[in-house]
């Protein structure tokens, strides 16, 4: 047996020549790929991204698998964090400070605010560090680099759905068990749109920061502090309605206001602030454009810099 | 024939310690304020500051024919890995371009993307996707991959519990089933045990039989000689030789002018020895290589040259060497006494006049194994009366050039020597 395998690769000089000739004659006239320096200002190459969709699927799948394998309680941890925070804020702000919520139970206001905020803030932070975290892939394999932050957001969307399921249970308990004053109805139809908007906002800001973080590692140092600050400037543990009317416009310039209030409006029927949502939409569109240009510009150098 | 890979004037520049390294924001802001036009000026000048730029590759042009197994060799820092990274599109060339007339797959490392928490089965799919295989393709080849890696029993065990051998086997197995038209590979042959290496090399041969084109970077001279039809030698980012592997490897060895192959004491006063005799130099030489060398080919004689200065007229002198492996195993001890040498050395035990003498000991070719060795130089009045003994002062590396690897391509690691011995088999009974 071993003799046979040995002979396998003791090739005669012209062995395989026939195959080679047929391969050679089948070569295309134009090169399939041309490798050269491309320093153009451009947007994403969607054709390349589409060609690598399987890799995107597997990167997302890997992150999910690993997360659920490492922890004993798996799914539970994902919803525990907003649940525990809701409990704390309900006691502190809901019961002690008695933040006015317009009749909707404070716990629900806080829970929706927290799951929306955690989706956005964890998404931004995770995206921004994802390139560095996947340096081993980036320096060894070619693929559109943007797949790394996109796959990260993919896992976050699943987490969001987990939290929404828990929320659905609460809503039913509050509505039918405790007869709370909640308007659940047609506004729910807007949920997919608000999730899409929040995802695009998070992703584009995350991609922009990811590109910058490869070069300036300070970003990942500064972000946690900035995110903390941002949380209190956003209607996360309080409804936007507690802001005095004369300050509403200014307050709503924070794009996260429209997003979180959008989640509340669709899920709890608390109404919509059209101005705030418009701000979020415009900000997101601008961010997508800026992120695409910046990321595309620095993408080529990631492997050299990272 | 029409080439499948065309490389035109590729060059790659790295900036050292400036704009392209991961820096902190503070530095960038500081620089921007201090010299707002510096960046602009640098762009005008083109190349930038010579002290902060490094051309890892320059003027690289070559073509690879379909079905060719093309080897790239060179020492560390010659630019092999940079070239491979450009070919595999991980990084872009600064100037020049490469045209690929086929689907390219690359393998810069085995097991890229492997996750320790995932099982063998899951990692096969993940790694396959990372290497560019479609899910259906992986599913189709799955059983073969597992059989190749010989890990059937541990398929559903997280790979963090694997032995390093199993891990490497699985990682290589996935890669071995990658079937692009052009495969770009970095030194991955040196993994696993001997038997597994054989399988891997067999797989390489298969690729060639199927008309695939392979570009391979390797330190393993033997695999280059036996697998490749052509080889390229890089030195400081430039192509030094391009042609038949055996010639290119000879060139590689002759380029290897390392100071380690010689030790010289320019000042006689401080040279090892005493008032009777002192060492001048000890060198390693080989035919076909100009000057002393720390790198020698396995099939040719290795010459150990001891030059000493006799300071006392009329003294009889003797010279000898010890040969040890890099890890310290004593291989042999030899001297120029008639009973120890093949020919009579005319100066052995003869009264030496004052002056410089040169003793050369010839270690036969096809005798040492590949690996590193050190020489201890000995000069004495007789074998019993040693005057100078300089332990392991010169070392050299024996490189496999493929002469003993026509039939067997696996590892020779282990033995200290690798002589050719007489063999004869007879049919004595039916």
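Chains as they are written, first to last, in the working numbering: chain A, 1 to 306; chain B, 307 to 736.
Where a beta carbon is used, it is the ideal one built from N, C-alpha and C, also for glycine.
Just so it is clear, the structure is predicted and the values come from calculations on it, not from any experiment.
Discussion item. Between residue 300 of chain A and chain B, is any beta-carbon pair separated by less than 8 Å?
Written reply: In the first chain, the residue the question calls residue 300 of chain A occupies position 300. Closer than 8 Å to some Cβ of chain B, the Cβ of residue 300 of chain A qualifies, so yes.
Discussion item. Can you check which of these residues, A:191, A:211, A:119, A:164, is closest to residue 336 of chain A by C-alpha distance?
Written reply: Beyond the ends of chain A as shown, which are 1 and 306, falls residue 336 of chain A; an answer cannot be given.
Worksheet item: Where do the N-terminal and C-terminal ends of the alpha helix (DSSP H) with residue 268 of chain A fall, by residue?
Response: As a working mapping, residue 268 of chain A is identified with position 268 in the first chain. First-last of the alpha helix (DSSP H) with residue 268 of chain A: 255–268.
Discussion item. On the DSSP letters alone, give me the boundaries of the beta strand (DSSP E) that residue 537 of chain B sits inside.
Written reply: By 1-based counting over the second chain, the position of residue 537 of chain B is 231. Residue 537 of chain B -> beta strand (DSSP E) spans 536–541.
Worksheet item: Can residue 36 of chain A be considered in contact with the ligand ADP, in the sense that its beta carbon sits closer than 7 Å to one or more heavy atoms?
Response: Among the components of this structure there are no ligands whatsoever, and the ligand ADP is therefore not found.
Discussion item. Quick check: is the beta carbon of residue 399 of chain B nearer than 8 Å to any beta carbon in chain A?
Written reply: Residue numbering aside, residue 399 of chain B sits at position 93 when the second chain is read from its first letter. Yes, residue 399 of chain B lies at the interface with chain A (some Cβ there is under 8 Å from its Cβ).
Practice prompt. Please name the residues in the segment 399–418 of chain B whose beta-carbon is closer than 8 Å to at least one beta-carbon of chain A, in chain order.
Written response: 399, 400, 401, 402, 403, 404, 405, 406, 407, 408, 409, 410, 412, 414, 415, 418
Discussion item. Between the alpha carbons of residue 415 of chain B and residue 37 of chain A, how many angstroms are there, rounded?
Written reply: By 1-based counting over the second chain, the position of residue 415 of chain B is 109. By 1-based counting over the first chain, the position of residue 37 of chain A is 37. C-alpha separation (whole angstroms): 24 Å.
Worksheet item: When you compare only the Cα positions, how much space is there between residue 159 of chain A and residue 478 of chain B?
Response: The sequence position of residue 159 of chain A within the first chain is 159, counting from 1. The sequence position of residue 478 of chain B within the second chain is 172, counting from 1. Going by the C-alpha atoms only, they are around 34 Å apart.
Practice prompt. Rank A:136, A:107, A:167, A:260 by C-alpha distance to the C-alpha of residue 195 of chain A and give the top, closest one.
Written response: In the first chain, the residue the question calls residue 195 of chain A occupies position 195. The shortest C-alpha separation from residue 195 of chain A is found at A:260.
Fill in: The beta strand (DSSP E) enclosing residue 128 of chain A, as first and last residue numbers
As a working note, residue 128 of chain A is residue 128 in the first chain. Where residue 128 of chain A is concerned, there is no enclosing beta strand (DSSP E), although the alpha helix (DSSP H) it sits in stretches over 106–133.
Fill in: Residue of B:605, B:646, B:623 minimising C-alpha distance to residue 673 of chain B
Indexing the second chain from 1 puts residue 673 of chain B at position 367. The shortest C-alpha separation from residue 673 of chain B is found at B:605.
Practice prompt. Drop a sphere of 10 angstroms on the beta-carbon of residue 328 of chain B, count the other beta-carbons inside from all chains shown, and report buried for 16 or more, exposed for fewer.
Written response: Counting from one through the second chain, the residue named residue 328 of chain B turns up at place 22. In this predicted model, residue 328 of chain B has a pLDDT of only 46, less than 50, meaning its place in the structure is not dependable; the value taken from the coordinates is given anyway. That one is exposed.
Discussion item. Restricting to Cα atoms, I'd like to know which of B:732, B:647, B:536, B:452 is closest to residue 624 of chain B.
Written reply: Looking up residue 624 of chain B in the second chain gives position 318. Among B:732, B:647, B:536, B:452, the Cα nearest to that of residue 624 of chain B is on B:647.
Worksheet entry | Entirely enclosed beta strand (DSSP E) segments - the segment 415–498 of chain B, minimum 3 residues | 488–492
Item to complete: Using a threshold of 8 Å, state whether the C-beta atoms of residue 231 of chain A and residue 163 of chain A are closer than that.
Response: Within the first chain, residue 231 of chain A is the residue found at index 231, counting from 1. Within the first chain, residue 163 of chain A is the residue found at index 163, counting from 1. It is not a contact, given that the beta carbons lie outside the stated cut-off.
Practice prompt. May I ask you to list, following chain order, the residues of the segment 43–68 of chain A that have a beta carbon less than 7 Å from some beta carbon of chain B?
Written response: 54, 55, 58, 62, 65, 66
Discussion item. Quick check on residue 152 of chain A: does DSSP put it in helix, strand or coil?
Written reply: Here the question's residue 152 of chain A lines up with position 152 in the first chain. Three-state DSSP puts residue 152 of chain A in a helix.
Practice prompt. Report the rounded CA-to-CA distance for residue 149 of chain A versus residue 725 of chain B, giving the unit in angstroms.
Written response: For the purposes of this step, residue 149 of chain A is taken as residue 149 along the first chain, with counting starting at 1. For the purposes of this step, residue 725 of chain B is taken as residue 419 along the second chain, with counting starting at 1. Approximately 57 Å between the Cα atoms of the pair.
Discussion item. Distance check for residue 504 of chain B and residue 715 of chain B, CA to CA, integer angstroms please.
Written reply: Taking the first residue of the second chain as position 1, residue 715 of chain B is located at position 409. Taking the first residue of the second chain as position 1, residue 504 of chain B is located at position 198. Whole-angstrom Cα-Cα distance: 7 Å.
Practice prompt. Answer yes or no: do residue 538 of chain B and residue 375 of chain B have a C-beta to C-beta separation smaller than 8 Å?
Written response: For the purposes of this step, residue 538 of chain B is taken as the residue at position 232 of the second chain. For the purposes of this step, residue 375 of chain B is taken as the residue at position 69 of the second chain. No, the pair does not count as a contact, with Cβ atoms beyond the cut-off.
Worksheet item: Hey, how far is the Cα of residue 50 of chain A from the Cα of residue 99 of chain A?
Response: As a working mapping, residue 50 of chain A is identified with position 50 in the first chain. As a working mapping, residue 99 of chain A is identified with position 99 in the first chain. Approximately 48 Å, taken between the alpha carbons.
Worksheet item: How would you label residue 610 of chain B, buried or exposed, when you count the other beta carbons within 10 angstroms and need 16 or more for buried?
Response: In the second chain, counting from the first residue as 1, residue 610 of chain B sits at position 304. Buried: at least 16 other Cβ atoms inside 10 Å.
Worksheet item: Smallest Cα separation from residue 614 of chain B: which of B:582, B:363, B:603, B:680?
Response: Walking along the second chain from the start, residue 614 of chain B turns up at place 308. The option with the nearest alpha carbon to residue 614 of chain B is B:582.
Worksheet item: Based on the DSSP output, what are the partners of residue 601 of chain B in its beta bridges?
Response: Working through the second chain from its first residue, we reach residue 601 of chain B at position 295. BP columns for residue 601 of chain B point to B:703.
Worksheet item: What are the boundary residues of the alpha helix (DSSP H) that includes residue 218 of chain A?
Response: Stepping through the first chain from its first residue, residue 218 of chain A is reached at position 218. Unbroken alpha helix (DSSP H) run through residue 218 of chain A: 218–233.
Item to complete: Mind listing the chain A neighbours of residue 441 of chain B? Cutoff is C-beta to C-beta under 9 Å, in chain order.
Response: Position 135 of the second chain holds residue 441 of chain B. Within 9 Å Cβ-Cβ: 54, 57, 58.
Discussion item. Just verifying my parser: in three-state terms, what is the DSSP assignment at residue 505 of chain B?
Written reply: Here residue 505 of chain B corresponds to residue number 199 of the second chain, with the count starting at 1. Note: residue 505 of chain B maps to helix in three-state DSSP.
Item to complete: Give a yes or no on whether the minimum CB-CB distance between residue 142 of chain A and chain B is below 8 Å.
Response: Your numbering for residue 142 of chain A matches position 142 in the first chain. Judged by the 8 Å Cβ criterion, residue 142 of chain A is in contact with chain B.
Practice prompt. For residue 237 of chain A, write down the residues that DSSP places opposite it in a beta bridge.
Written response: Sequence index remark: in the first chain, residue 237 of chain A carries index 237 (1-based). DSSP output for residue 237 of chain A lists no bridge partner at all.
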